[in-house]
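Below is one structure, written out as structure tokens, with a few remarks after it.
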Amino acid sequence: VGMQTSNLACRFDGMEGVVGDPAVEPEEAAGRMVPGAAGQAAVERLQRAAQDDPQASQGYPSPPKRPFRTPSVPSLCVMATRATVNLMTAPSMQYSSSLSCLTPELAELLLSHMSRERLLRPRTLELFFGCPMQKFVLNCYPYSTNELLRQLRAFTALKHLSLVNSPLITDTGLSVLCSLLKLQHLNLTSCSKLTDSCLQHITGLKSLSFLSLDQTKVSDVGMVLYLQSAPSSLTQLSLNQTSVTEATLAALPACVPQLRLLSVKHTKVRDVSALAALPSLQTLYLDGTGVREGSLECLAVHSTLSALSLAGISVADGNHALQIISGLRLTQLTLPGRHSVTDTGLTFLSRLSLLSELDLTDYTHVTDHGVTQLATMTRLKRLSLSNTQVTDMGLPSLCSLQELLELCLDRTAVTSRGVAALVTCLPHLQVLSLASTQVGDTVMRRGLVHCAQLFKLNLSRTRITDHGLKFLKRMRLSQVNLEGSGVTPSGISNLIASCPHITSIRASHTRAIPPDQVSDDDNQ
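Here it is, written out as structure tokens:
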């Protein structure tokens with residue numbers, strides 16, 4: 001619900017998919033092997049390649065095009081789950097007529113697997129009748145129909161129901177909700193056939209605390225009527241990409257004053273003045289709405305608002321928008337108007353000293369002068385300055401950010417000298433991205449060797465060579481991106497052998513670095 005930390009686009013170019021294969025099911029991730037015989041074999045192959053090609057040590061050949069991976073072996077739990085489901089679904093091998101004796105956790109595990117394998121049918125759900133399940137997730141299941149949904153009437157203990165992207169479900173199908181009176185969490189995102197008529201079935205859920213109707217056909221007419229009888233437990237409401245307007249927002253203070261989270265992304269909302277009367281509001285998403293600076297004024301002194309997202313709103317002056325909200329006690333903020341935010345805006349931004357993450361990626365008008373304003377934001381844990389005008393001159397001001405865990409300086413004019421001086425002052429740094437910068441081997445020798453907690457490093461399209469890799473020995477790195485750098489297969493094999501924690505390396509399209517460019521300041 002919140003602005004998740006993954007939201008920070010610490011944009012590590014080319015590092016997507018470095019850890020594991022996204023095609024592998026989550027339940028299989030637990031069974032992934034640690035580097036062992038397969039890892040040793042990879043090292044030996046690289047060493048043979050280096051020996052077979054006398055030019056390898058000179059940086060001419062390109063290392064293997066695919067990242068190194070250890071084989072994926074399913075866990076015992078995964079294998080047992082598969083075997084159980086096979087017995088349940090094979091017509092000639094059904095040994096049980098009821099699974100009501102299963103624990104809720106085990107039943108949920110089996111149903112989740114059946115959903116992923118597209119094996120769930122109304123009849124198979126009958127096997128679980130009587131099981132006191134509390135959570136049922138059927139997201140993106142292509143066979144979610146009203147008939148399948150009707151079977152949920154037997155699971156009266158359900159507290160969490162998620163039907164994301166179920167386009168076959170209609171308003172009538174939600175009549176089953178009258179049997180699920182203990183529901184606290186209901187997610188109907190992208191159930192595109194739902195209209196205002198579905199709200200009559202939701203009205204009876206008096207324990208509901210979370211409701212998402214994103215990308216449905218609900219409107220002000222239905223929402224205002226629903227809110228008049230909404231339960232006092234409702235604290236989180238999401239109406240993204242619906243046709244609601246200020247009319248719905250106007251009903252919130254009187255009907256659900258306890259609301260803590262509201263999301264109206266990409267709606268026709270323009271005026272948010274009614275939200276000033278929501279005394280408990282903590283998180284607000286206004287991305288892609290018609291809200292302008294004048295409307296934000298009403299929120300300028302909101303006492304409880306701590307997370308605010310303004311991405312894509314049409315502000316005339318991003319600096320002015322930041323000035324308006326600079327008095328809030330925000331811990332999370334998605335900024336508006338990157339094309340109109342300058343160093344002046346960062347002066348206002350620096351007043352938000354409670355922020356834990358800040359993404360200034362592509363704020364191309366931000367310079368060293370603006371970056372110096374960030375020195376007071378000592379709560380920052382994640383910071384991206386990718387594609388800004390920051391140079392070595394602005395980096396010393398970041399030394400005060402002692403809690404920083406992730407730093408992204410991609411596509412900036414920083415060098416080894418500036419980065420090395422900075423990272424040695426950041427004792428908790430875990431993730432560092434320097435893609436497409438002028439750093440060379442010196443940044444390893446003078447800086448990275450002192451980053452004891454660093455585990456994710458992006459040096460793609462930099463001047464790094466095998467000489468620099470030697471300084472990474474015995475570090476706890478697990479993910480390294482060296483694409484487009486000057487490393488060789490021999491250097492990579494040595495790195496793998498000396499860093500036992502490495503699980504993945506990207507090293508395609510490497511190149512030979514001219515001798516005069518091997519490092520930017522190695523002789524200084």
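Numbering (UniProt numbering), first residue to last: 1 to 524. Just so it is clear, CB atoms sit at the ideal spot from N, CA and C, and this is done for glycine as well.
- With respect to the 8 Å criterion, Leu-149 and Asp-171 are not classified as neighbours on the basis of their beta carbons.
- Annotation note: the region 180-214 contains the following uninterrupted alpha helix (DSSP H) runs of length 4 or greater, listed N- to C-terminal: 199-202.
- Per DSSP, Cys-451 lies in no beta strand (DSSP E) segment and is marked neither H nor E.
- The alpha-carbon of Ser-162 is positioned some 44 Å away from that of Thr-437.
- Going by beta carbons, Thr-367 and Asn-387 fall outside the 8 Å limit.
- Per DSSP, the continuous beta strand (DSSP E) segment holding Tyr-285 begins and ends at 283-285.
- Taking C-beta atoms as the reference points, Leu-459 and Leu-477 fail to come closer than 8 Å.
- When DSSP states are grouped into helix, strand and coil, Asp-317 belongs to the coil group.
- Taking each of Pro-167, Asn-187 and Thr-203 in turn and checking the Cα distance to Ser-175, the smallest one comes out for Thr-203.
- Nearest Cα to Ala-316 within the set Gly-337, Gln-228 and Pro-231: Gly-337.
- His-302 sits buried, since 16 or more C-beta atoms from the chains shown fall within 10 Å of its C-beta.
- Between the C-alpha atoms of Leu-125 and Leu-87 there is a straight-line separation of about 15 Å.
- Per DSSP, reduced to three states, the secondary structure at Arg-506 is strand.
- Collapsing the DSSP output to three states places Cys-140 in coil.
- Rounded to whole angstroms, the Cβ separation of Asp-214 and Gln-241 is 6 Å, and the two are in contact under 8 Å.
- Within a 10 Å sphere around the beta-carbon of Glu-147 sit fewer than 16 other beta-carbons, which makes this residue exposed.
- Counting along the chain, the unbroken alpha helix (DSSP H) around Leu-125 starts and ends at 122-126.
- The beta-carbon separation of Gly-440 and Thr-412, rounded to 15 Å, does not stay under the 8 Å limit for a contact.
- Beta-bridge partners assigned by DSSP to Gly-486: Thr-465.
- Put simply, the backbone Cα of Leu-328 is about 11 Å away from that of Phe-348.
- Counting along the chain, no beta strand (DSSP E) covers Thr-442; the unbroken alpha helix (DSSP H) around it starts and ends at 442-446.
- Distances from the alpha-carbon of Leu-469 to those of Val-449, Val-414, Leu-409 and Leu-454 put Val-449 closest.
- A distance below 6 Å between beta-carbons, with the five flanking residues on each side excluded, links Ser-356 to the following residues of its chain, in chain order: Thr-331, Arg-379 and Lys-381.
- For Leu-227 and Ala-251, the gap between their C-alpha atoms comes out near 7 Å.
- Selection Glu-403, Asp-516 and Asp-392 evaluated against Leu-383 yields Glu-403 as nearest (Cα-Cα).
- Boundaries of the beta strand (DSSP E) around Val-431: 431-433.
- By the neighbour-count criterion, in which 16 or more other beta carbons inside 10 Å mark a residue as buried, Pro-515 falls on the exposed side.
- Per the C-alpha coordinates, the member of Asp-359, Thr-342, Ser-326 and Ser-340 positioned closest to Arg-351 is Ser-326.
- The beta carbon of Met-475 sits closer than 7 Å to the beta carbons of Leu-454 and Cys-499 from its chain, once the five residues preceding and following it are set aside; these are given in chain order.
- Among the bridge pairs identified by DSSP, Leu-358 is matched with Leu-383.
- Counting the other Cβ atoms within 10 Å of the Cβ of Glu-117 gives fewer than 16, which makes it exposed.
- Listed as beta-bridge partners of Lys-135 by DSSP are His-160.
- A distance below 8 Å separates the beta carbons of Ser-397 and Leu-374.
- Close CB contacts of His-320 within its chain, under the 6 Å cut and outside five residues either way in sequence, are with Glu-293 (chain order).
- Check the Cα spacing between Leu-152 and each of Pro-167, Phe-128, Ser-166 and Tyr-141: the tightest is with Phe-128.
- In the displayed model, Glu-406 falls within a strand according to three-state DSSP.
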